[in-house]
Amino acid sequence: QEEPVGLAAAIPGTARGAGRRAAGSGRAGRGGLLGRGGPAPPVLPPSPSETYRKVLVWSGRFKKEDEIPEAITFEMLDAAKNKFRVKISYAMMALTVMGCVLMIIKGKQAARRHESLTSMNLEKKARLREEAAALQDHK
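The sequence shown runs 1 to 139 under full-length UniProt numbering.
As structure tokens, this is what we get:
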């Protein structure tokens, strides 16, 4: 076999045939980094923690925590978490809209009483000036 010359010799993995070995029959294709052949070991389904049990119930997947099996699939847990996220986002949207409506109502009530930030600031500054003048008089 011929040794690579020039730029191919300076760059690792560019030797003749390197692409063929990595793509098909070499270690990188079958066993990963360790070079062990065969299938990966099976991953056992998780036993849900207390928090995940509550999420499974809140998402509507199960009616009670007692109904949740000891082992659940990752897909079931992901679906429950996504449903829970959507419910939380809907609740946050509803609270935001309610807060906006409340601020509109409060603002209209203040406008009927002829209260505004400008008038409140002017009153506060006048009061502070009076207090400062009273302090100057006592000295």
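Beta carbons are placed, not taken as given, at the ideal position from N, Cα and C, and that holds for glycine.
Local Cβ density within 10 Å of residue i, reported as buried at 16 or more and exposed below that
{"i": "Glu130", "result": "exposed"}
{"i": "Phe74", "result": "exposed"}
{"i": "Ala80", "result": "buried"}
{"i": "Ile104", "result": "exposed"}
{"i": "Ile88", "result": "exposed"}
Cutoff 7 Å; reference residue i; Cβ partners in own chain excluding five residues on either side
{"i": "Ile68", "result": "Pro48, Arg53, Leu56 and Phe62"}
{"i": "Asp137", "result": "none"}
Three-state class that DSSP yields for residue i in the structure shown
{"i": "residue 140", "result": "No answer is possible for residue 140: the residues shown for the chain start at 1 and end at 139."}
{"i": "Ser49", "result": "coil"}
{"i": "Lys54", "result": "helix"}
{"i": "Ala71", "result": "coil"}
{"i": "Ser59", "result": "coil"}
{"i": "Lys87", "result": "helix"}
{"i": "Ser116", "result": "coil"}
Contacting residues, own chain, Cβ-Cβ under 8 Å from residue i (five flanking each side not counted)
{"i": "Gly60", "result": "Lys83"}
{"i": "Trp58", "result": "Phe84 and Lys87"}
Cut-off 6 Å between Cβ atoms - residues of its own chain near residue i, not counting five sequence neighbours on either side
{"i": "Gly26", "result": "Low confidence applies here, because Gly26 scores a pLDDT of 47, under 50, leaving its location unreliable and the question unanswered by this model."}
{"i": "Met98", "result": "none"}
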